[in-house]
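Undergrad: Please see the structure below; I have some questions.
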Amino acid sequence: METAPQFFRHGPGPFVRLFVFALLSCLLIVGDVRFKYFPQLRQAIGVVIFPLQKIAYIPANIYDQVEEFIASFNLLEENIKLRQIYLENREQLLKLASLEAENIHLRNLFGAVQYIETKTRTKAVLAKILYTPRDPFNHKITLNKGSQHHIQLGQAVIDDKGIVGQITQLYPWSSEVTLLTDRDHSVPVQVVRNSLRSVVSGTGKNDQLELRYLSVNTDIQQGDQLVTSGIGGVYPPGIPVATVLRIERDPTGDFAQIISTPVAGVDRNRQVLILSLIQPETHDALEMPKIDSGKN
1 METAPQFFRH GPGPFVRLFV FALLSCLLIV GDVRFKYFPQ LRQAIGVVIF
51 PLQKIAYIPA NIYDQVEEFI ASFNLLEENI KLRQIYLENR EQLLKLASLE
101 AENIHLRNLF GAVQYIETKT RTKAVLAKIL YTPRDPFNHK ITLNKGSQHH
151 IQLGQAVIDD KGIVGQITQL YPWSSEVTLL TDRDHSVPVQ VVRNSLRSVV
201 SGTGKNDQLE LRYLSVNTDI QQGDQLVTSG IGGVYPPGIP VATVLRIERD
251 PTGDFAQIIS TPVAGVDRNR QVLILSLIQP ETHDALEMPK IDSGKN
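Counting in our numbering, the sequence shown runs from 1 upward without gaps.
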C-alpha cells in the first residue's frame, strides 16, 4: 500500500524554538559580559555594516542639504530686500537731517536780518551759493544774485555767524565773492574788549586770518573777539569777524604775529546774506543773535 508524500515537514514547536533562542541569547549575553568573548566580533561587524549605514543615510542627508539650501536662498533674498529698505530709509534720513540743518540755518539768517536791520539802516538780501572753488588757493564763491537783483560791487556778505567776504565781481544773474581768507582781502576790525582798531587780512588758509603791523606791546589777548569797525563804509560796524587764536611776540622784532580764526564759514552753509552799502546810524558793536536751534 502506497503512502501519501509529506508536503510539510513538522519541526519543533514554537515554544520549543522560543526556549532555545532565549537560552542561546542568555548564554551569549553572559559570555559577553563575564568573559569578553565578543568585543572584536562586534568591532568587525561594525566595520562591515558602516558603509551600509552611510548608504542608508544618503537620502536623509540629501534631503537635509536641499532644505538648508532653500532656507539659505530665502534668507539671502530676505537679506537683499532688508538691505534695500535700509538704504532707502537711510537716504531719506540723511535728506531729512540735511533739510533740518538747512532750516535751522535759514532761521538763524532770518534772525540775523531782523537784528541788523533793527540796529542799522542796512538791508540784507538772501542769496544761495552756486559754486565753491575746488582749488584750495582760490578763496572765492559764486552767488545766485547779480546786477538784475540790484546787487552792487563792494557789498558785504555774511552768514548767521559773521563776515564771509565781499562782492568783487558782478554779473547780471550772479556775483563773485572774495572770501575773508583770501590773501588780497582785508577788513577793518576792532577788539571788543578794549576797542583797539586794526585790520585783519587773509592768509590763504581756510581757518586763519592775521592781524598785521601791531607792536609787540599791543594790548591783545588770546580769545579776544574781533568785529567790524565800520571804517570805510563797506562793512556795518559790530559784525563778528574772527577770534584771536594765538599770539607770538618776538622781543627782537617790531611787530607781533597775531593769528585768528574766522567765525563764519561757507563750507558749512548753502545760503548767505548780502548787505547793502547804506551807512549805519550807529557804530556800537553788534552781537549776532543766537537763534534756538531746537525743534518746535
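Just so it is clear, CB atoms sit at the ideal spot from N, CA and C, and this is done for glycine as well.
Cβ atoms of S198 and L209: under 8 Å apart, would you say?
TA: No, the Cβ-Cβ distance between L209 and S198 is not below 8 Å.
Undergrad: Does the separation of the CB atoms of I158 and A242 fall below 8 Å?
TA: For I158 and A242, no; Cβs fall outside 8 Å.
Undergrad: Expressed to the nearest angstrom, what Euclidean distance is found between the alpha-carbon atoms of V189 and V234?
TA: So the alpha carbons of these two residues sit roughly 12 Å apart.
Undergrad: What is the residue span of the beta strand (DSSP E) that Q271 lies within?
TA: Q271 -> beta strand (DSSP E) spans Q271 to L275.
Undergrad: Short check: CB of S229 to CB of P240, under 8 Å?
TA: Not a contact, by the Cβ cut-off of 8 Å.
Undergrad: Below 8 Å CB to CB, which residues in the same chain sit around T261 once its five sequence neighbours on both sides are set aside?
TA: Excluding residues within five positions, the ones whose Cβ falls inside 8 Å are D207, Q208, L209, A242, T243 and L245.
Undergrad: Measure the alpha-carbon distance for L130 versus N144 and round it to whole angstroms.
TA: Taking the straight line joining both Cα atoms gives about 6 Å.
Undergrad: Does DSSP classify Q92 as helix, strand or coil?
TA: Three-state DSSP puts Q92 in a helix.
Undergrad: Would you decide whether A156 is buried or exposed? Buried here means 16 or more other CB atoms lie within 10 Å of its CB.
TA: By the 10 Å Cβ count, A156 comes out buried.
Undergrad: Spatial neighbours of Q221 within its chain, please: CB distance less than 8 Å, with the 5 preceding and 5 following residues excluded, ordered by chain position.
TA: Excluding positions up to five away in sequence, the list reads R193, V244 and I247.
Undergrad: Grouping DSSP H, G and I as helix and E and B as strand, with all else coil, what is K86?
TA: Here residue 86 turns out to be Tyr, not Lys, going by the sequence shown. Three-state DSSP puts Y86 in a helix.
Undergrad: Have a look at the DSSP bridge pairing and note the partners of R197.
TA: In the DSSP output, where bridge partners are listed per residue, R197 has Q190.
Undergrad: How many angstroms separate the CA atom of S175 from the CA atom of Q169?
TA: Answer to the nearest angstrom: the Cα atoms are 6 Å apart.
Undergrad: Inspect the beta-carbon positions of L179 and G165 and report whether they are closer than 8 Å.
TA: Cβ distance < 8 Å, so L179 and G165 count as in contact.
Undergrad: Inspect the beta-carbon positions of G202 and T181 and report whether they are closer than 8 Å.
TA: Against a cut-off of 8 Å, the Cβ pair of T181 and G202 comes out as a contact.
Undergrad: Between which two residues does the beta strand (DSSP E) carrying V227 extend?
TA: V227 -> beta strand (DSSP E) spans Q225 to T228.
Undergrad: Kindly indicate if chain B contains any beta-carbon less than 8 Å away from that of E248.
TA: Of the protein chains in the structure, only one exists, and it is not chain B.
Undergrad: Look at T122 and L275 and say whether their C-beta atoms are less than 8 Å apart.
TA: Contact flag set, yes.
Undergrad: Let me make sure I understand the geometry here. Which of W173, L196 and L211 has the alpha-carbon closest to that of S186?
TA: If we check each option's Cα against that of S186, L211 comes out closest.
Undergrad: Roughly how many whole angstroms lie between the Cα atoms of A124 and R83?
TA: Approximately 46 Å, taken between the alpha carbons.
Undergrad: For V200 versus G253, is the C-beta distance shorter than 8 Å?
TA: Result no, Cβ atoms of V200 and G253 do not sit closer than 8 Å.
Undergrad: Compute the beta-carbon to beta-carbon distance between K140 and V177, rounded to the nearest angstrom, for a pair I have assumed lies under 8 Å.
TA: Sure, about 6 Å apart at Cβ, within 8 Å.
Undergrad: Please state whether DSSP places R42 in a helix, a strand or coil.
TA: Note: R42 maps to helix in three-state DSSP.
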